[in-house]
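First the structure, in the form of structure tokens, and then the observations on it.
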Amino acid sequence: MRENDRRRFIKQSVLGTLGTILSTEVVFAIPEGYKPLFFDNDRDALKGKSAEMVVLNDRPWNVEAPAHLLDDAVTPAEKMFIRNNGIVPETIDVNGWTLTINGESAKNKKVYTLEDLKKKFKHYTYQLTLECGGNGRAGYFPSTAGNQWTNGGISCAEWTGVRLRDILEDAGIKDDAVYIGYYGKDIHPSREPGKVVISRGVPLKKALEDESLIAWAMNGKDIPVVHGYPLRLVIGGWPASVSGKWLHTISIRNKVHDGPKMTGKSYKVPINPVEPGVDPPEDQFRIIESMPVKSLITYPQTGAMLDFGKTLALRGHAWAGDLEVKQLEISIDFGATWQKAKLQAPKNRLAWQHWTVEVQFPKKGYYEVWAKATDSKGVSQPMVMPQWNPEGYINNSCHRIAIKVV
Amino acid sequence: MLSAFLLLGSVAWTSQSGNKPTTITRQAWADSVKKDPETGLAVDTNLPLIKAHCTACHSSKLITQNHFTRTGWVDKIRWMQKYHKLWDLGPSEVAVLDYLEKYYGPSKQTFDGRRKPLEKPSWYKL
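In the order they appear, the protein sequences are chains A and B. Sequential numbering of the first sequence, starting at 1, is according to the numbering used here. Sequential numbering of the second sequence, starting at 1, is according to the numbering used here.
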């Protein structure tokens, strides 16, 4: 089924490539309201993506990477997950693109072109971990509604842009400011013009951190269209939904931002722990902030058969939201014993950390290798399903792979 | 003879039932299903067949504590035919299996443990 889907998308993406080659001026020669297939950025979403990516949803696009595909130190575009809430903007006028800073707590409303941003402000580059708030949802029982992410809604790419702080300060931040909210140019699934798809944000304190960027480049190139070209808010360590794509406006707010998907139960978990299956009323939920400590085994791919007596060199990444990972351990006996891995320091704050470990298996047979990270506050990943929550967010249970020693 | 049979039967179903793994899960049918007071088995038009072919020789608990797929139940019948002189059920076999599958099949309830077993990977030589 997935194979068939992929073939269909490849066919479609040939048309999509044509659209990219033709200049944008052609768009204006086409009658209004007519949507030619070959300018459909949304249909083009899988262009350049690895054939091993797994499509969870195609309307809107939700695509994840199997764990072994995330082996690179810095996630390349072809292996980066997609979590779209709406439709990719159909036309992107990069020359006319502007970023507006407004809101009740902005001293001045400011409008910047991309050129303004690039010329007037200092550039910064950071590796930033972006993880979907629903990553791991497939592991919750009872199952919760939504895209059933397994482990692959995570990336750590290198983002380049200006500091959000520099732009906010240039516009001026009033004393009563507490939050920022972004607006992007994605199209609502209903196609209702002007209807906002998703508009989330972070408290001012998080917005003013060094690593909070307004980025135009990913891994040294223009941001791919499906990941937010030409401008994206990039805020590492928090649910990736705060990193708004196709960014055109940031509002400085005097209250918690109230855009779509900031309200209701979106990206929220119960304030107090609930019994699995219990869904409390909206006023008993809190907004997810820092993502929890987590790790992946990216080599080998699950299912490896190894000759008895051979040493297996495993590797992967670990991350901990706003914090750093201080220890990574692996177990081949379901947690009875743990072996420490070599863990590297992050390239910069909010970047994931790489780990390696060599393992020997005592006998032939079936094994599971489990990885467990511990953050700088001493909090570890649970081996079992973590605290169940009605929307199925922040499942950071240990990743594991199957190994057979033969 | 009967007690030896029971003992063998119990051992076999837990540890020697061939190479095929079986799954034991919670009861698949609602509490509203009436239980036969004598055997504790689900009341059904096919129950007399179960009494004739199964509980005539072994405890009904050998049925009630298990939840096998239809294929799993076939395996148990074949095993009893091979080792315990169970007769050919003839045309009754289909009805017996219908009954076992209906009331003692795998649970359709969602898994409520803390982590599911890993899904079988595609094994490859490293």
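Note that CB positions come from ideal geometry on N, CA and C, so glycine has one too. The structure displayed is predicted, hence computed values, not measured ones.
- Bridge partners of residue 161 of chain A according to DSSP: A/124, A/215.
- Chain-order list of chain B residues neighbouring residue 304 of chain A: 121, 123, 124, 125, 126, by C-beta distance under 9 Å.
- At least one CB atom of chain B sits nearer than 8 Å to the CB of residue 300 of chain A.
- Rounded to the nearest angstrom, the gap between the Cα atoms of residue 32 of chain B and residue 48 of chain B is 20 Å.
- DSSP places residue 94 of chain B outside any beta strand (DSSP E); the residue lies instead in the alpha helix (DSSP H), whose first and last residues are 92-104.
- When the Cα atoms are used, residue 65 of chain A and residue 237 of chain A turn out to be separated by approximately 19 Å.
- With its beta carbon less than 8 Å from one in chain B, residue 400 of chain A belongs to the interface.
- Only residues of its own chain outside the window of five on either side were considered, and among them 401, 402 have a CB closer than 6 Å to the CB of residue 302 of chain A, listed in chain order.
- When Cβ-Cβ separations below 8 Å define contact, residue 70 of chain B makes no contact with chain A.
- In the structure shown, residue 83 of chain B adopts helical secondary structure according to DSSP, grouped into three states.
- For residue 53 of chain B, the enclosing alpha helix (DSSP H) starts and ends at 47-53.
- A distance below 6 Å between beta-carbons, with the five flanking residues on each side excluded, links residue 103 of chain A to the following residues of its chain, in chain order: 251, 252, 253.
- Contact between residue 390 of chain A and residue 144 of chain A holds, since their C-beta atoms are separated by about 6 Å, short of 8 Å.
- Within the same chain, 318, 319, 320, 321, 323, 325, 373, 374, 375, 379, 380, 381, 396 come within 8 Å of residue 293 of chain A by CB-CB distance, once the 5 residues on both sides are set aside.
- Under the rule that a run must span 3 or more residues, the beta strand (DSSP E) segments found entirely inside the stretch 53-129 of chain A read 54-58, 61-64, 98-102, 110-113.
- DSSP places residue 298 of chain A in no alpha helix (DSSP H) but in the uninterrupted beta strand (DSSP E) bounded by 294-299.
- The residues 403, in chain order, have a CB closer than 6 Å to that of residue 304 of chain A in the same chain once the five nearest residues on each side in sequence are set aside.
- Taking 8 Å as the CB threshold, residue 49 of chain B stays off the interface with chain A.
- Going by DSSP, residue 64 of chain B is part of no beta strand (DSSP E) but of the alpha helix (DSSP H) stretching over 61-64.
- The beta carbon of residue 87 of chain A lies closer than 7 Å to those of 42, 60, 186, 187, 189 in the same chain, with the five residues before and after it left out.
- Pairwise C-beta distances place the stretch 50-57 of chain A in contact with the stretch 65-82 of chain A, as three or more of them are shorter than 8 Å.
- Residue pairing by DSSP leaves residue 237 of chain A without any beta bridge partner.
- Note on geometry: alpha-carbon atoms of residue 222 of chain A and residue 44 of chain A lie some 16 Å from one another.
- Taking a 10 Å sphere around the C-beta of residue 345 of chain A, we find fewer than 16 other C-beta atoms and assign the residue as exposed.
- Under DSSP, the beta-bridge partners assigned to residue 375 of chain A are A/325.
- Just so you know, the alpha carbons of residue 52 of chain B and residue 106 of chain B end up roughly 24 Å apart.
- The alpha-carbon separation between residue 71 of chain A and residue 243 of chain A amounts to approximately 23 Å.
- Across the set A/159, A/286, A/299, A/137, the C-alpha of A/137 shows the shortest separation from the C-alpha of residue 149 of chain A.
- Contacts between residue 115 of chain B and chain A, judged by CB atoms closer than 8 Å, involve 139, 383, 384, 385, 397 in chain order.
- By the CB criterion at 8 Å, residue 154 of chain A and residue 288 of chain A fall outside the cutoff.
- Less than 8 Å divides the Cβ of residue 103 of chain B from the Cβ of residue 42 of chain B.
- If you check the CB distance, residue 107 of chain A and residue 174 of chain A come in under 8 Å.
- For residue 100 of chain B, the closest Cβ of chain A is not nearer than 8 Å.
- The alpha-carbon separation between residue 383 of chain A and residue 335 of chain A amounts to approximately 8 Å.
- Not a single CB atom of chain A sits nearer than 8 Å to the CB of residue 86 of chain B.
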